[in-house]
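Heads up, the sequence shown is in our numbering, so the first residue is 332 and it goes up one at a time. By construction, the Cβ of each residue, glycine as well, lies at the ideal position given by its N, Cα and C atoms. In what follows, a structure is listed as structure tokens, so that the remarks can point back to it.
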Amino acid sequence: MQYENKISLGHIVTIGTLIVGMALAWGNVSATGRRNSDDIVALKMTQAGLEARLRPVETSLKVIEMRLGSIDQIQSEMRDDIKKIRGEK
Numbered sequence: 332m333q334y335e336n337k338i339s340l341g342h343i344v345t346i347g348t349l350i351v352g353m354a355l356a357w358g359n360v361s362a363t364g365r366r367n368s369d370d371i372v373a374l375k376m377t378q379a380g381l382e383a384r385l386r387p388v389e390t391s392l393k394v395i396e397m398r399l400g401s402i403d404q405i406q407s408e409m410r411d412d413i414k415k416i417r418g419e420k
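Below is the structure:
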């Protein structure tokens, strides 16, 4: 199974929506001066949803970082080979 390493517009919109939802829920809790259990539960659910959505993005970023690292290694090896061919040290 091949895994696509793409962050789609849907990911960005979902994360943005969740962040705005968390901000609105927190503002509602703070503005009223009381910590309603319903508001706290909603905030925790929003936070859990955001964390769940971020996990695949973090995984994708780790894979991209690993691939970039291997590209850097290949480029370094190619530079070394070119130097050997040219007779440089």
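Check your understanding: Any idea what DSSP makes of residue 347, helix, strand or coil?
Key -> helix
Review point. Shortest alpha-carbon distance to residue 344 belongs to which of 384, 415 and 369?
Key: 384
Point to revise | Nearest-angstrom Cα separation, counted from residue 372 out to residue 378 | key: 10 Å
Review point. Count the other CB atoms within 10 Å of the CB of residue 354; is the residue buried (16 or more) or exposed (fewer)?
Key: exposed
Exercise for review: Measure the beta-carbon distance from residue 338 to residue 391 and round it to whole angstroms, keeping in mind my assumption that it falls under 8 Å.
Suggested key: 7 Å
Check your understanding: residue 410 to residue 404, Cα distance in whole Å?
Key -> 10 Å
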